[in-house]
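K.L.:
Have a look at this one.
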Amino acid sequence: MLSIDRMRWLDRWVGVPLCGLASVLRRMRPGARQLAPARRVAFLQLAESGSNVLADPAVRRWMAQAPHPPAFVTFAKNRASLRLTGSIADEDVFPIDPGSLATLLRDVWRLRRWLRSRGVDTLVDLELFTRVSALIGLFCGTARRVGFHAPDHAGLYRGDLYTDPVPFAFNEHISRNYLALVAALDGAPVPPGLPAVARRPLQPDERQRVTATLAQLFPQGCGALVLINANASDMLPQRRWPAERFEALAHALLAHDPALSLLLTGGSEDRATTAALAAQIDDPRCVDGAGRFTLGELPALFERAALLVTNDSGPAHFASVSPVHVIVLFGPETPLRFGPLGESSVFYAGLPCSPCVTPANQRRSACTDNRCLQAISVEAVLARAKAVLADTLPAAGEQRLAG
Numbered sequence: 001m002l003s004i005d006r007m008r009w010l011d012r013w014v015g016v017p018l019c020g021l022a023s024v025l026r027r028m029r030p031g032a033r034q035l036a037p038a039r040r041v042a043f044l045q046l047a048e049s050g051s052n053v054l055a056d057p058a059v060r061r062w063m064a065q066a067p068h069p070p071a072f073v074t075f076a077k078n079r080a081s082l083r084l085t086g087s088i089a090d091e092d093v094f095p096i097d098p099g100s101l102a103t104l105l106r107d108v109w110r111l112r113r114w115l116r117s118r119g120v121d122t123l124v125d126l127e128l129f130t131r132v133s134a135l136i137g138l139f140c141g142t143a144r145r146v147g148f149h150a151p152d153h154a155g156l157y158r159g160d161l162y163t164d165p166v167p168f169a170f171n172e173h174i175s176r177n178y179l180a181l182v183a184a185l186d187g188a189p190v191p192p193g194l195p196a197v198a199r200r201p202l203q204p205d206e207r208q209r210v211t212a213t214l215a216q217l218f219p220q221g222c223g224a225l226v227l228i229n230a231n232a233s234d235m236l237p238q239r240r241w242p243a244e245r246f247e248a249l250a251h252a253l254l255a256h257d258p259a260l261s262l263l264l265t266g267g268s269e270d271r272a273t274t275a276a277l278a279a280q281i282d283d284p285r286c287v288d289g290a291g292r293f294t295l296g297e298l299p300a301l302f303e304r305a306a307l308l309v310t311n312d313s314g315p316a317h318f319a320s321v322s323p324v325h326v327i328v329l330f331g332p333e334t335p336l337r338f339g340p341l342g343e344s345s346v347f348y349a350g351l352p353c354s355p356c357v358t359p360a361n362q363r364r365s366a367c368t369d370n371r372c373l374q375a376i377s378v379e380a381v382l383a384r385a386k387a388v389l390a391d392t393l394p395a396a397g398e399q400r401l402a403g
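Numbering of the sequence shown is given in my numbering, commencing with residue 1 and proceeding in unit increments.
Next up, the structure:
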């Protein structure tokens, strides 16, 4: 598996000169062709599963007017995140395997043929200034290529490879920037305010599977459910609120309401973190559920929950497809650009060093002491959690939580 650091190195030291060379060759081509209206569109979003949810309003805007359903290109591990919104059919998704440079190049070659076989004429690059996505678009040879452009920011150089370059609005939420990419195709303005993520209808069997798993995890019975996600991807470990803060929050919630049940969530790769946290909390009403639910089952799990408390990570955005309230803890990134689109409360200390992760530094930080998250107190998060639960739980729960 190509490591995150290796991908960043390749994107900078190989991607920049290749983008420069490709731009020179592109300018040498005689004449500019008249761009035909987009008909068959593919969206490209490689690395971030949460961003697939944030891009959904833009995808749906195109779907509302498109003569053909769009395709979507993403890393194979993020394919399941597209099922959360239900906008893209499985057969319209092309997965790329970044396991090695060889598999990456192989799949890019296959992607070129796949797009041509489907008659795709337009590629919308949702990536934030990665050079590899710009080069993939050029290699695939679609008539139109739409992507973010920031010519005044040297650190964001990706050449002149787009037929429709769109200025990136650094002071706008990413979902509005995604909408601007589609606006380059349809010519309509981006409406004011943040868009909403459509809630995917749940199937009865999804609810049944979640109910059955909860019964296994809580044999004594599952009360009002609070989900806690103490994880963050290895791409940005600085996004983690200290584990001892999550432990203290869990103890306080359990002591405050004897009817609450806490579930520590995460993927199978997070089991070491969640198992250690569950052992520290050491309460039968707090259970480690990492790896027990598929990504496709999360909407039904969120529907069952009264609250989700999470680091700034994928689940904060996955929950937007459900009515659950989410408390999100931000630090290295800013909620002004990456805040969730669902029902949420955001904590952000706004220290002078924040955000330290931006597209200009390849979303990489050398910080080893995330004071931006340490500045968020257990007491503040607990107070907000109590208020949300008081509004969410039935009347009996409201009486318990009023004290």
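Idealized CB from N, CA, C, for every residue including glycine.
Since W189 contacts A183 with CB under 8 angstroms, what's their CB separation in whole angstroms?
P.N.:
Reading off the sequence shown, one finds Pro at residue 189, where the question assumed Trp. Rounded, the Cβ-Cβ distance is 7 angstroms, consistent with contact.
K.L.:
Please classify P192 as buried or exposed, where buried requires at least 16 neighbouring CB atoms within 10 angstroms.
P.N.:
Exposed is the call here.
K.L.:
Does the segment 167–177 come within contact of the segment 146–154, defined as at least 3 CB pairs closer than 8 angstroms?
P.N.:
Contact holds: three or more Cβ-Cβ distances are below 8 angstroms.
K.L.:
Three-state secondary structure (DSSP) at Y348?
P.N.:
If DSSP states are grouped into helix, strand and coil, Y348 belongs with the strands.
K.L.:
Distance, Cα to Cα, T74 vs T265?
P.N.:
Their backbone Cα atoms lie some 24 angstroms apart in a straight line.
K.L.:
Taking all protein chains shown into account, do 16 or more other C-beta atoms lie within 10 angstroms of the C-beta of Y120, making it buried, or fewer, making it exposed?
P.N.:
With the sequence shown as reference, residue 120 is identified as Val, and Tyr is not the correct amino acid for it. It is buried - the Cβ of V120 has at least 16 other Cβ atoms within 10 Å.
K.L.:
Which residue's Cα is closest to the Cα of V381: S23, L101, I174, T310?
P.N.:
The shortest C-alpha separation from V381 is found at T310.
K.L.:
So, is S3 buried or exposed, given that buried needs 16 or more other C-beta atoms within 10 angstroms?
P.N.:
Classification of S3: exposed, given that the 10 Å Cβ count is below 16.
K.L.:
State the start and end residues of the unbroken alpha helix (DSSP H) segment that holds V24.
P.N.:
V24 -> alpha helix (DSSP H) spans 15–27.
K.L.:
Could you tell me which of L54, T142, S344, D312 sits nearest to G331, measuring between CA atoms?
P.N.:
Of the candidates L54, T142, S344, D312, the one whose C-alpha sits nearest the C-alpha of G331 is D312.
K.L.:
What residues match up with I228 in a beta bridge as DSSP calls it?
P.N.:
In DSSP, I228 forms a bridge with L264, V309.
K.L.:
Rounded to whole angstroms, what is the Cα-Cα separation between A232 and W241?
P.N.:
Between A232 and W241, the C-alpha separation is close to 9 angstroms.
K.L.:
From what residue to what residue does the alpha helix (DSSP H) around P204 run?
P.N.:
That run of the alpha helix (DSSP H) goes 204–217.
K.L.:
Roughly how many angstroms lie between the CA atoms of A300 and E206, to the nearest whole one?
P.N.:
C-alpha separation (whole angstroms): 6 angstroms.
K.L.:
Let me check understanding here. Comparing Cα to Cα, which of P335, S175, A383, M28 lies closest to L126?
P.N.:
When each option's Cα is compared against that of L126, the closest is S175.
K.L.:
What did DSSP end up calling L46 once you bin it into helix, strand or coil?
P.N.:
Three-state DSSP puts L46 in coil, outside helix and strand.
K.L.:
What separation, rounded to the nearest whole angstrom, lies between the Cα atoms of A360 and P204?
P.N.:
Approximately 45 angstroms, taken between the alpha carbons.
K.L.:
Once you ignore the five residues that flank Q399 on each side, which residues in its own chain have a CB closer than 7 angstroms to its CB?
P.N.:
Its pLDDT being 34, under 50, Q399 is placed unreliably by the model, and nothing is read from it.
K.L.:
With a cut-off of 8 angstroms, do at least 3 Cβ pairs link the segment 290–304 to the segment 17–29?
P.N.:
No contact exists between the segment 290–304 and the segment 17–29.
K.L.:
Should E244 be labelled buried (16 or more other beta-carbon atoms within 10 Å of its own) or exposed?
P.N.:
Its Cβ having fewer than 16 others within 10 Å, E244 is exposed.
K.L.:
Between the beta-carbon of S133 and the beta-carbon of L260, is there less than 8 angstroms?
P.N.:
Contact flag unset, no.
K.L.:
Among S345, V59, S320, P352, whose alpha-carbon lies nearest the alpha-carbon of K386?
P.N.:
When each option's Cα is compared against that of K386, the closest is S345.
K.L.:
Can the beta-carbon of L341 be found less than 8 angstroms from the beta-carbon of S320?
P.N.:
Closer than 8 angstroms, so yes.
K.L.:
Mapping the DSSP letters down to three states, classify T392 as helix, strand or coil.
P.N.:
Three-state DSSP puts T392 in a helix.
K.L.:
May I ask you to list the residues that DSSP assigns as paired with D288?
P.N.:
Answer is L264, bridged to D288.
K.L.:
Decide if S51 is buried, meaning its Cβ has at least 16 other Cβ atoms within 10 Å, or exposed.
P.N.:
Label assigned to S51: buried.
K.L.:
Would you tell me roughly how many angstroms separate the C-alpha atoms of G296 and G147, rounded to the nearest one?
P.N.:
Cα-Cα distance, rounded: 29 angstroms.
K.L.:
Rounded to the nearest angstrom, what separates A375 and T368 at their Cα positions?
P.N.:
The straight-line gap from Cα to Cα measures roughly 15 angstroms.
K.L.:
According to DSSP, A71 sits in a beta bridge with which residue or residues?
P.N.:
In DSSP, A71 forms a bridge with A42.
K.L.:
Whole angstroms are fine: how far does the CA of A198 sit from the CA of A395?
P.N.:
The predicted model places A395 with a pLDDT of 38, which falls under 50 and marks its position as unreliable, so this point remains unresolved.
K.L.:
When the Cα of A89 is compared with those of E333, L101, R60, R106, which residue comes out closest?
P.N.:
Comparing Cα positions, the closest option is R60.
K.L.:
Assign S365 to buried or exposed, taking buried as 16 or more other Cβ atoms, counted over all protein chains shown, within 10 Å of its Cβ.
P.N.:
Classification of S365: buried, given that the 10 Å Cβ count is 16 or more.
K.L.:
Which residues in the same chain as G314 place their Cβ atom closer than 6 angstroms to its Cβ, once the five residues preceding and following it in sequence are excluded?
P.N.:
Excluding positions up to five away in sequence, the list reads S49, G50.
K.L.:
Let's test the definition: count the other Cβ atoms within 10 Å of the Cβ of T211 and tell me whether it reaches 16, buried, or not, exposed.
P.N.:
Counting Cβ neighbours within 10 Å, T211 comes out exposed, since fewer than 16 surround it.
K.L.:
Taking the straight line between their C-alpha atoms, what separation do you get for L329 and D288?
P.N.:
Going from the Cα of L329 to the Cα of D288 covers about 21 angstroms.
K.L.:
Going along the chain, which unbroken runs of the alpha helix (DSSP H) with 4 or more residues stay wholly within the segment 100–162?
P.N.:
As far as the segment 100–162 is concerned, its whole alpha helix (DSSP H) runs of at least 4 residues are 101–117, 131–140.
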